[in-house]
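**Q** Protein chains in written order, with the working numbering: chain A, 1337 to 1649; chain B, 39 to 233. The C-beta atom is built at its ideal place from N, Cα and C for all residues, glycine as well. These numbers come from a predicted model, not from an experiment. Below you will find the structure I want to go over with you.
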């Protein structure tokens, strides 16, 4: 019918109309969501970077501690420097008899003296202060060291030693990093919940402000999926942009803070420094993508639910 | 072409809403395209709505879209490309007297122009049924008569047309009329018998 009508009336028209988006941009409802998403993306990225950096630092500490132990020959048995060094040599030979030991280094007396510097200052240590001799023991990778067995061997040889296999430190680092990881997962969970809540709220606000458009789309026979796609695509694009801005801001701030407070060897005082790795870059890229995915799923479900309960009979 | 007449609150709009599947009846039967509407599932509604053109008193035009885009909206939603429907839409706009207003935004149109744009949008997909609820309610009598002539022309070209109105003066003599009061049909007039 329309074709017939059109055929009789069509004249060549200088038609240059550009297609407008069906769903208009609504700054009033779009901007608050955008800002909330930027903040959430920023927090999520900061959490991820801090977790990743902390995990890396802890692993570094642990790898330094694992496979090493320190044997301290107690100074009470000191008779003379020569005798004491002989005892150290005996201890070294004894240690080398155990399979996991790769090599043993007798640390010079200056090393023991340097350990006292934080308390005594950089002054000559009087001879009558008894200092232990320290042996640095390196184990073969993945080998377990039976401290009790070695202690018994030393006792049999008449050498009084303390063995520090750093297991306490290792356990503490492990516990602390596990707790930190758990807390960051909790924070990420809360950020995801906040993103979902913000998406639901924004979708509802968007539907309310575009109610007439929704009614018209329903009136002309647009399937609910079409309407849902209009809204969820809009929100997902907005979420991706906001996620990108938030993630990049977090990255820039992390780098700045890391470089400002870095003292040496990548450490910021006693805390691990914020260093970027490929994993961090991946996390920064993933944040806006994940945010857009969350928003598209949540807003889609919200629109479909509202359309079926409020518009479709 | 069938007119549904009756005073305000008689149930004309409700009857139309039941026909165009905006509401579901709690009892009774309505047959649409050979199917009992109470048996139609929600997911089937959009496809059935695309076979109907609906014109409402408040026009329901989208303010940020031009007249052209408003009229083309059903085709755009159906996935058609602008170059495929451009000539059809422009031709239809000329036919309803809006040939030189295709670029205008709805807020700049008069009541009659808005109503004609709404009618054009309703018929652009060549619907099987055209349903209009008080289409002359917001226009003067002269424009009302022109709109009714437009509906008659569409009906003559093969579209089943159902119009609810309380303005009986505009009804052509040869039209079928159904009068409603308090939700009850109180009379029918077969236009052909009268004519």
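Using the Cα positions of residue 67 of chain B and residue 61 of chain B, report the straight-line distance between them to the nearest angstrom.
**A** For residue 67 of chain B and residue 61 of chain B, the distance between alpha carbons rounds to 13 Å.
**Q** Is the beta carbon of residue 1360 of chain A less than 8 Å from the beta carbon of residue 102 of chain B?
**A** Taking 8 Å as the Cβ cut-off, residue 1360 of chain A and residue 102 of chain B qualify as a contacting pair.
**Q** Counting only C-beta atoms, is residue 115 of chain B closer than 8 Å to chain A at any point?
**A** Yes, because at least one Cβ of chain A sits closer than 8 Å to the Cβ of residue 115 of chain B.
**Q** Looking only at its own chain, which residues have a Cβ that is under 7 Å from the Cβ of residue 1483 of chain A, when we skip the five neighbours before and after it?
**A** Around residue 1483 of chain A: 1499, 1501.
**Q** Verify the CB distance criterion: does residue 1556 of chain A have a CB-CB separation below 8 Å to chain B?
**A** Chain B contact via Cβ: present.
**Q** Looking at C-alpha atoms only, which residue of B/154, B/116, B/219, B/225 is the closest neighbour of residue 45 of chain B?
**A** That would be B/219, whose Cα lies nearest to the Cα of residue 45 of chain B.
**Q** Distance check for residue 1594 of chain A and residue 1605 of chain A, CA to CA, integer angstroms please.
**A** With a pLDDT of 47 at residue 1605 of chain A, under the threshold of 50, the predicted position of this residue should be treated as unreliable, and no value is reported.
**Q** Looking only at its own chain, which residues have a Cβ that is under 6 Å from the Cβ of residue 1619 of chain A, when we skip the five neighbours before and after it?
**A** Once the five neighbours on either side are set aside, the close Cβ partners of residue 1619 of chain A are 1384.
**Q** Would you list, in sequence order, the uninterrupted beta strand (DSSP E) runs of no fewer than 3 residues that lie entirely inside the region 132 to 183 of chain B?
**A** Correct list: 167 to 171.
**Q** To be precise: take each residue of the region 90 to 106 of chain B, compare its Cβ to all Cβ atoms of chain A, and keep it if any distance is under 7 Å. Which residues remain?
**A** Hits within the stretch, in order: 92, 98, 100, 102, 103, 104, 106.
**Q** Using a Cβ-Cβ cut-off of 8 Å, state whether residue 1552 of chain A counts as contacting chain B.
**A** Output row for residue 1552 of chain A: interface = yes.
**Q** Can you give me the start and stop residues for the alpha helix (DSSP H) that residue 1551 of chain A sits inside?
**A** That run of the alpha helix (DSSP H) goes 1547 to 1555.
**Q** According to DSSP, is residue 1433 of chain A part of a helix, a strand, or is it coil?
**A** Reduced to three states, the DSSP call for residue 1433 of chain A is coil.
**Q** Consider the Cβ of residue 185 of chain B: report whether some Cβ of chain A lies at a distance smaller than 8 Å.
**A** By this cut-off, residue 185 of chain B is not an interface position.
**Q** For residue 1495 of chain A and residue 1395 of chain A, what's the separation of their Cα atoms in angstroms?
**A** Near 34 Å, if we compare the C-alpha coordinates of residue 1395 of chain A and residue 1495 of chain A.
**Q** Taking one C-beta from the region 1375 to 1391 of chain A and one from the region 1448 to 1461 of chain A each time, how about it: are there three or more such pairs within less than 8 Å?
**A** At 8 Å Cβ cutoff, the stretches do not touch.
**Q** Quick check on residue 108 of chain B: buried or exposed, where buried means 16 or more other Cβ atoms within 10 Å of its Cβ?
**A** Buried is the call here.
**Q** Where does residue 182 of chain B land, buried or exposed, given buried means 16+ other C-beta within 10 angstroms?
**A** By the 10 Å Cβ count, residue 182 of chain B comes out buried.
**Q** So, is residue 76 of chain B buried or exposed, given that buried needs 16 or more other C-beta atoms within 10 angstroms?
**A** Result: exposed.
**Q** Assign residue 1457 of chain A to one of three DSSP states: helix, strand, or coil.
**A** Correct three-state label for residue 1457 of chain A: coil.
**Q** Give the single residue among A/1403, A/1363, A/1532 whose Cα lies nearest to the Cα of residue 1478 of chain A.
**A** The shortest C-alpha separation from residue 1478 of chain A is found at A/1403.
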